[in-house]
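In my numbering, the protein residues as written are 663 to 792.
Below you can see the structure in the form of structure tokens.
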């Protein structure tokens, strides 16, 4: 009720739904596309939220050999499939956050290890590892 000019108004009813539950847990699937040389990696992810629905995803790719990026990952909005920007040998963490329409989120992590190929091609010919 509201009072205006010493007169009380009518009663109004409004439904209020509160969603304090994050989206469901999910796994990140990483797939390699291409041959040994020139291979590209893609991350696939999806989840749902029973109360308010999924709003968007954020992804961070972290070079695990760099302590600064490991401690402070930078997230950008992305969709699945997400092309992982790393192709060089190394160990990388792929972090995905799923946000629901109420602002709750859940984070999933996957680790990608890229190893040097045993045989590589150079301008001078074929090179064998070690």
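Beta carbons: idealized from backbone N, C-alpha and C, even for Gly. Computed from a prediction, not measured in an experiment: that's the story for all the values here.
C-beta contact flag for residue i and residue j at 8 angstroms
| i | j | result |
| --- | --- | --- |
| residue 722 | residue 735 | yes |
| residue 725 | residue 754 | yes |
Of the listed residues the options, nearest to residue i (C-alpha basis)
| i | options | result |
| --- | --- | --- |
| residue 692 | 773, 778 and 739 | 773 |
| residue 766 | 730, 677 and 719 | 719 |
| residue 710 | 777, 666 and 762 | 762 |
| residue 715 | 680, 690 and 705 | 680 |
| residue 733 | 757, 713 and 671 | 757 |
| residue 708 | 689, 731 and 771 | 689 |
| residue 764 | 713, 706, 686 and 674 | 713 |
| residue 717 | 675, 695 and 740 | 740 |
| residue 776 | 695, 668 and 706 | 695 |
Residues that residue i bridges to, as DSSP identifies them
| i | result |
| --- | --- |
| residue 676 | DSSP output for residue 676 lists no bridge partner at all. |
| residue 771 | 757 |
| residue 691 | 706 |
| residue 752 | 776 |
| residue 745 | 704 |
| residue 722 | 757 |
| residue 740 | 719 |
| residue 681 | Partner(s): none; residue 681 has no beta bridge. |
| residue 762 | 716 |
Whole-angstrom C-beta distance between residue j and residue i, which should lie under 8 angstroms
| i | j | result |
| --- | --- | --- |
| residue 768 | residue 684 | 4 angstroms |
**Cβ pair count under 8 angstroms reaching 3, the region 737–752 against the region 694–705** = yes
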